[in-house]
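Visitor: If you scroll down you'll find the structure; I have some questions about it.
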Amino acid sequence: MKASELRGKDAAGLNQELSELLKAQFSLRMQKATQQLQNTSQLKKVRKDIARVQTVLNEKANAK
290 MKASELRGKD
300 AAGLNQELSE
310 LLKAQFSLRM
320 QKATQQLQNT
330 SQLKKVRKDI
340 ARVQTVLNEK
350 ANAK
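Under our numbering, the first residue of the sequence shown is numbered 290, with each subsequent residue one higher.
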């Protein structure tokens, strides 16, 4: 997911996206803890996506 795609969404859509990413991160962390996760790079991708969404949310909040 690119930041340019996220900037086109409104705050409600970004909050929903953030919620979904946090749930995905939790699920991946549980899979890793129980050694069911084969591709551990997914954790890094989700973490970076969460940071992107939070960055865009902060940009929108500071723009007001």
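Even for Gly, the Cβ is constructed at its ideal location relative to N, Cα and C.
From a predicted model like this one, the values you see are computed outputs, not experimental measurements.
Please report the distance separating the alpha-carbon of L310 from that of I339.
Guide: In the sequence shown, residue 310 corresponds to position 21, counting from 1. In the sequence shown, residue 339 corresponds to position 50, counting from 1. When rounded, the distance between both Cα atoms is 6 Å.
Visitor: My output table needs one value for N328: the three-state DSSP class, helix, strand or coil.
Guide: Translated into positions along the sequence shown, residue 328 becomes position 39. N328: coil per DSSP, three-state reduction.
Visitor: Closest to N304 by C-alpha separation, out of S293, V345 and A322, would be which residue?
Guide: Walking along the sequence shown from the start, residue 304 turns up at place 15. Nearest option by C-alpha distance: V345.
Visitor: Does the distance from the CB of L337 to the CB of T329 come in under 8 Å?
Guide: Walking along the sequence shown from the start, residue 337 turns up at place 48. Walking along the sequence shown from the start, residue 329 turns up at place 40. According to the sequence shown, residue 337 is Lys rather than Leu. No, the pair does not count as a contact, with Cβ atoms beyond the cut-off.
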